[in-house]
Structure formats: structure tokens, C-alpha cells
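Protein chains in written order, with the working numbering: chain A, 1 to 494; chain B, 1001 to 1494.
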């Protein structure tokens, strides 16, 4: 072994050798003895050094993968995930690299001068601060100290009422008891996980998907099963095949302008998902963070609209369309889950800030919300058109994407033999930020995609930015592709 | 069995009979077939009906107790916990009973006319709304949209800086990297649980203790072990004895003005706790929600002050002294845990509201905080004196309490043969709210204590309220005490 690390296995122990080896390696990874993306010793080498069977090492490596500590490239070996140890790195929330901070959802805090195609957060200058300030003052003058007392766990009743009325415009029928106010959509995912997932329960996710959701499920000890995301929604065949095998507790999906692909479910697939889950004791968690942002004539209705059997937990985020730092959102909860969700919310933070709830209630009531959404839609659709046009004009044809007809990002596929992690690094050197696709996977096996968002780039910099990215792309694609080959004629990960 | 419920056990199954019986009963309790506080059939009756061994039933009942679904009274039998099923009742957060809503911590939303000795939340009229409003406007004018952008997961840096300076006045040394901003202390407990507790890990708690903490640990699948709380702090002998047996991951304590007892640790016990845990891979979680509120000359320093080995996670709440609905607090985190806490916070809600963080930063900097604390201390110490005086004057001597010298509540012990649950009900009928002690236990075995807080009762109503409670007390104590006796000569729970 490259590093002088001693691993001692106890042969007479009750614990199988591969488990012992797993624990040793886990510790070494967590202590940072192995670097992120460092290749672990080959199966043969490790087995030889430790005088154990190849299969012992194979099993230990597989466990590391399952735990999200390592990933494999077929034929090339097993690598340490960069998120596996306790140091700052790209894939950890709050990670800082080259002056760039990236969180699990691809959100970024960037030094000036960087062209940021990674963030899908709007420019703070677009926030409706003036209106919000006026309403905060109205609330404080009206409610005085009551704005800061404990609030109902479920949420401030008038806000829940206003939310119900707002939902009606989306054809979602809900009563105040259905509504749970949350401190942002991430908390919604966390609260649902607490309420429904016990250690060892299974959760289905689209692959790729939002990393913050994966982390929340993982934190509950869930077994996470990927279902591939296709251009018109989740892979139904896979879903149908895996449902009886895994009997998941939850299915987490983003039906409109999915993160990271930007793709949306067809009406057919939405209907079909609800049909397929019938008879299973499972709930669909619908994460709706963008469905207002369709830029063509196509309708992008929430899945919840079709939910006749009360199997959809609908989570609504305001972060991308309104203001991310507000930390406010809501969920629509099927009746059978009210109490469990209430307990989970109480355990999480007792209740959401009363001042913000009261202010947002007025914002909804005064119709400011509807006006703001159409304002944001106008801004974003303008950026979307400029972005797509620039990409069409400047990107090499070998890089594939599908026009999402809305949302905030595009999902690009590199030709075979080229890697998004490598491409990300090359962009970074030119002060350009994109998001490598591996951030959106349960394990880091897919390294062929990257995401670009046009939400945070000022219109006058969009084409210039796309040209710069295209330059890096062309340079990279001009090089020979790299096809991994088998080093030892033996691939354990089939 | 009283109710016509059929339980079928499968003798040829791999699952032991007592586990099967446990699952059946769990389902029946959760479906509400048994009422809260209903007595389960006796061991003999149940064993006879099902044609199983007594010990099978004993084990099933014990499991129910462990899961918090049932409790036993020695010699009298096993009872269903009222929190066990999915309906509104006293012990569930958000429960509404007789127009009174009680959450897990004993917080209450009360209809007018009720004398509320259950809440430890200050009157909203005492909140510094005017100052806070001024500062919010200052922040909005200064920071505009930036106040609503995504904020650092760890918290707004200038706020963390201000917190460090504030901590220095408590002799706690911390740097900005040590500080994690949280959306209230409950979230702090939840985040720490996520970061440190895996399914099956052990957590020590003081018994009795804050219910919201118990729920958070339980939600992680922790095994919760009680250590008795004494008048000068945790029972050191029990702690020393149980440490090597259970090797807990966390020890959750409230060293000053503990909830619900109001008791504080002696300097000796604080030092001793830190000594005893040496060599164990455990952390002490110090929940500090009141330590500013000492009304005598005695000093009530946080345990964190003594923490030389970086084993104390310090959680600071502002809810009781400042404004509960603000949902803001902070933690001081030992260096080795920074990244794990950061990930857990990110999973929980990404970050705390930026607007509130920025406003509170100014509140700390402008010294308004220090002034407000001394203002609240004056108010509370006045109520404390009136309350203690009234209790001394009007309560029967048979009801025991210890003067806490600070904080917001007193913890009373009824004489043997009298029950706090019953007493709670009698008070409720007179429109008086107290908190029965069983709310603060991991299982509902102790029914001899109740808590009264003087935080939310206006000074002019304190004596009148105490007289009313004393009236109910005297009436109850005038009745014959009830001593439970053995119905079948057999007590399985020894």
C-alpha cells in the first residue's frame, strides 16, 4: 500500500473479515488518511497484503460504496468519495474551493469576477425588498409582541388559509388542516423523513436528483434506490419492477423542471406513477420548486392535482422564485399523516418564525405574490432564451442537451471518454463555475453530465459566459478521449 | 378481554411469540383501539386467552414500555400511554384539550380566562418590539436583497463574531468557527442528534427532563437511559455506574434551572461530570435556556466554562429571555465536530433566516441584549418573589418543593398516594393550568410531581392563582390517599 497504514484483522473474531476491513477503511477515510478521489489499493494488492481472499476485499469495497464512502469505475478500481472524510471539499455543504463555496444543492457563494453558472438563485437585486419591508412594518404595528410569541406548530392559521386560496388557482384542493408551514423546502424533506422513514426503510429517488434530499434520507438510515430519470419523467418500467421488490416507504420526485436535469414528467407518466403505487403502502413526495416557470405553451401542473387517493405529499419551496434566505415554504399533507408530521415538525424547530409567516400572509393576500411570480417569469424566460440561443450557437454538437421549455437549468452530456469532474476543474481555472453531475447522484458513478443554470448570470454576461464555457469544452474535446480499461483483467463490480 | 379484539399468534413462525404479540398490541394502540391510560388486560388473563406462557406477555408488555407506548404501575398493571396513538391528546405536541393547546415542552396556547401556570413563555407585551423593528428597518435599508439571499450554513459571520464577544462576558472562549447559528434550541438538539446519534446508540438524559429533547433522541432511534436528577445536579453514582455499561454517545443536561425541576448543578457536580466522562467517547450537550436568571447571590455559570477537553456542546436558547417566536439561537461546537454539525444543519434547513440573523447581530452589538436581559431579570425576579411568598403562605405543607433561587418554575411533589395527572385534571376544571410531571419522563412512570411556572402570569394574578391552586390541592389531599395493591399477587415489573 502506498501509505504506511496498518490494518489488522482478527481472524478469530465473530465479526466477518470483510466487515472488519470495512470498518478499518471507513475510519481511515473519515480521518482523511485517504484523499478524496484517491484510488484504493486494487483488490489483488489488498487481498495479498492482508492475506485474505479477494472476495473479502470485494465485499468490503462494496460496503464502502453502499455507505457512500467510495465509488467504482468499471475496470479501473475503487475510489474514495471526496465527501467521505471530515474535511472541506467540493461535495460537502459549505465546502470552499478556490474561493468558491458550494452546498449540496449546487448553491454557491462566489468571489467577484467568477461567472456563475452553478447557482440557481436569483440575483438579490430582483428580490421584492421594498414591498416586504412595508409589510413587515405593517405586521409589527398591527401585532406587536404577538408576532414573536410561540406560533402554532402547524403554522400561523391565516397564512395556512391564504395558502389554501392560492393553491386553488393551481387546482389543488386543500383545507387549512392539510397545510404544514415549514422553514423552507429542505426542512420539508427532513420533516417528512422523520415522520415516515425508520432505519433500514427504503426510499426511491430519481437518478440524478437533488443532493439535499439524498442527504436527508441517508441521515435517517434509509436504503436509497435509484430509478433512472428520463426526458419525460421517471423510468416507469424500472419503477414497476422495483416496487414489489423494495416496497419503498417514500418515492421522492420533482415532476416539473427537475433538479438537475430540468426535465418534466409527461401527463401520462404522472398518471402512471400514481397508478403503479396503488396497493403499496408508499407515499410520493413531490418537490415543487419551479413549476410556475414554463416558458412555452405547455402546461406544467403539479402531480398533486391528480392525487385522488391522498398519496402525494406536496412540498412547495419559494426559494428560487421568491427569496431563498427567507426560509419559508409549506407542505400539503394527506390526512392520515397529520399527526406524525406535526410531531416531526415540533421535534425539528417547534415552529417557523412567526414574523415571517405573518408578513408572508399579507404578501399572498395583497396579490403581491402573483405579480412577483409573473415578474420573475419574465426575467427568467428572457435569460432562458438568451442562454439557449448562445448554447445553440457556440457549443460543440457533440455535447447533448434537451430543451426543458422552462425552469432554470440545462443538463449537458459529454461524449464518451470525457469526464464532467475534469471539465469542472478546467472551467474553474478560467473563473467559470458549472456543476458537475456527480453532485446529484447517490454514488459518484456518473461523471458524464454537468448542469448549467442561467438564474444568477446577468443578461449582459450570458453570451460571453457561454462562449467562455464553449472555449473550454472545445479545448477539452480536442484531446483524445480516455477509455478506462481493465488493469488486472478482473472487474469485481458487475 | 374487554374489547372484542382478536389477536392471532403464529406458533410456527420464526418471530418469537412475544414479538408477535408486541406488534399486535402496538398496532391496536396506534389505531386507538385502546384508549390513553386504559389498563391492558392482566398478564394472567392475556396469557390465558392466548394460551401462551405468562412470560411471553410480560416480555411483550416490557417492549411496549420500552417503545414508550405503555407504562406500568407496580402491582397495578400495565397502562396505555396517552401519547401512544395517533389522536390528539395531552401528551402530543399540538394537542388540544378543553380549549388548551400543550406542546411537548409544556408550552401552551390558552383560551382567555385560564390562569396559566404551565407556560414558561413571557408575556408578548414584554418583548422589545420597538427596538427590534428599528433594527429590522436598519438592516433592510443597509443590506437590501442581500438580507434575503442564501446565508452561510454556519451562520452570518458578523453575528457569529458578535456571539463570540458576548460569550466572553460569560468566560466562554470561542472563535467564529466554533459557533453554529440555529433556528432555536430545539433545532440545536435535533442537529446534534443528527450529527452524532445513529440507530441504537445510547443517550443519557436527566430524569425528569425536557420532553422535546427526548423526542429528538427517540426520533433518531436512540436508546434513552435515565439518570436521576437530584437537587444539586445529576446523580453522580448512577452516572458513574452506567457510563461503562452503556457507553453513551451523548449526555443531555440542563445544568442551570433545569426543566422541569428548576434545580441547578453545584460547582462540584459540574466538575465531576466532566471528570467522569473522560476516556469515554461521549459528548455532553448543555442546554442553556435560563442561566442568566439567578435571583440570589449564587453564581450560575454554564458548564461550558469548565470545558477544557472540548467535550461540551453548548446550546443557547433566547426563547425564554428574549422572544420565543423569533426562532434563533446558537451552539458552541467542539472543533472535532464542526463538519458533522455543518452537514446536519444543512440537511435540516440549509440555513437560518438571514434577515433575523442580521437584525439580531445589531441587537447584540448595540448592547440592547444586555439591557434587555437585565430588564427581564428584574421582571421575573419580582414574579418569583411573589410566587414563592404566595406558595409558602397558601400551599399545604405536605406538598414539597425546593427553592431554585432563579429560573422560571417550581417543581412540586405530592404526598404518596396522590397523582399529578389527577390533580392536573382537577385544576383544569377550575380553569387553572399546571403541567403534570409525567410530561417530562421517558416513560410515564412518575406521576407524583407537577411543575408550575410563574413566567406567564401577570403579577396581579399570581397570588390569586396560587390561592386557587392551593384550594384544589387542599380538596384533593382531604381525600383518602390511593395505594395501588396487587390484583393477582404477581408483579412482573420488578
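Backbone N, C-alpha and C fix where the C-beta goes; we use that ideal spot for every residue, glycine too.
Just so you know, these numbers come straight off a predicted model, no measurement behind them.
The beta-carbon separation of residue 376 of chain A and residue 126 of chain A, rounded to 7 Å, stays under the 8 Å limit for a contact. The region 1328-1389 of chain B contains, as complete alpha helix (DSSP H) runs of 4+ residues, the segments 1338-1349 and 1354-1365 (chain order).
The C-alpha of residue 46 of chain A is placed about 11 Å away from the C-alpha of residue 25 of chain A. The alpha helix (DSSP H) runs of length 4 or more contained entirely in the region 399-439 of chain A are, from start to end of the chain, 420-429. In this structure, the straight-line span from the alpha carbon of residue 180 of chain A to that of residue 243 of chain A is close to 28 Å. Proximity of chain B to residue 31 of chain A at the Cβ level (cut-off 7 Å) is not reached, the minimal Cβ distance being about 11 Å. Shortest Cα-Cα distance from residue 453 of chain A to any of A:341, A:290, A:183 and A:435 involves A:435.
In this model, residue 261 of chain A and residue 52 of chain A are separated by some 43 Å (Cα to Cα). In the three-state scheme derived from DSSP, where H, G and I count as helix and E and B as strand, residue 1032 of chain B is classed as coil.
Spanning the alpha carbons of residue 113 of chain A and residue 1030 of chain B requires a straight line of approximately 58 Å. Three or more beta-carbon pairs separated by less than 8 Å are not found between the region 425-441 of chain A and the region 355-365 of chain A, which leaves the two stretches without contact. Within the region 324-351 of chain A, those residues whose Cβ lies closer than 9 Å to any Cβ of chain B are, in chain order, 324, 325, 326, 327, 328, 336, 338, 339, 340, 342, 343, 344, 345, 346, 347, 348, 349, 350 and 351. Only exposed fits residue 1464 of chain B, as fewer than 16 other CB atoms lie within 10 angstroms of its CB. Within chain A, no C-beta atom comes nearer than 8 Å to that of residue 1408 of chain B; the closest sits roughly 14 Å away. Among the CB atoms of chain A, one or more fall inside 7 Å of the CB of residue 1215 of chain B. DSSP places residue 1250 of chain B in the uninterrupted beta strand (DSSP E) bounded by 1250-1253. Annotation: Cβ neighbours of residue 186 of chain A in chain B (cutoff 8 Å, chain order): 1346, 1347, 1348, 1349 and 1350. Short of 6 Å from the beta carbon of residue 1252 of chain B, and not among the five residues preceding or following it, lie these beta carbons of its own chain, in chain order: 1205, 1213 and 1285. Taking 7 Å as the threshold, the shortest C-beta distance from residue 360 of chain A to chain B does not fall below it. Residue 394 of chain A and residue 432 of chain A have their C-alpha atoms some 16 Å from each other. Put simply, the backbone Cα of residue 428 of chain A is about 25 Å away from that of residue 69 of chain A. Three or more beta-carbon pairs separated by less than 8 Å link the region 1271-1289 of chain B to the region 1230-1241 of chain B, which places the two stretches in contact. When the beta-carbon positions are compared, residue 150 of chain A and residue 293 of chain A stay at least 7 Å from each other. Put simply, the CB of residue 1145 of chain B is near chain A, with a gap under 7 Å to one of its CB atoms. According to the DSSP assignment, residue 1078 of chain B belongs to the beta strand (DSSP E) that extends over 1077-1080. Within its own chain, the residues whose Cβ lies closer than 6 Å to the Cβ of residue 1039 of chain B, once the five positions on either side in sequence are excluded, are 1077 and 1079, listed in chain order. Against chain B, a Cβ distance below 7 Å from residue 127 of chain A picks out 1145 and 1148. Following the DSSP letters along the chain, one finds residue 120 of chain A in no beta strand (DSSP E), marked with neither H nor E.
Note that the region 1222-1229 of chain B touches the region 1196-1204 of chain B; at least 3 beta-carbon pairs, one per stretch, sit closer than 8 Å.
Against chain A, the beta carbon of residue 1221 of chain B has neighbours under 8 Å at 198, 199 and 221, listed in chain order. When Cβ-Cβ separations below 7 Å define contact, residue 133 of chain A makes contact with chain B. By the Cβ neighbour-count rule, residue 320 of chain A is buried, with 16 or more other Cβ atoms within 10 Å of its own.
If you draw a straight line from the Cα of residue 1421 of chain B to the Cα of residue 1447 of chain B, it comes to about 6 Å. Bounds of any alpha helix (DSSP H) do not take in residue 1204 of chain B; it lies within the beta strand (DSSP E) bounded by 1202-1207. Chain A places a beta carbon closer than 7 Å to that of residue 1190 of chain B, counting this residue as a contact. Interface criterion met: the Cβ of residue 1194 of chain B is under 7 Å from a Cβ in chain A.
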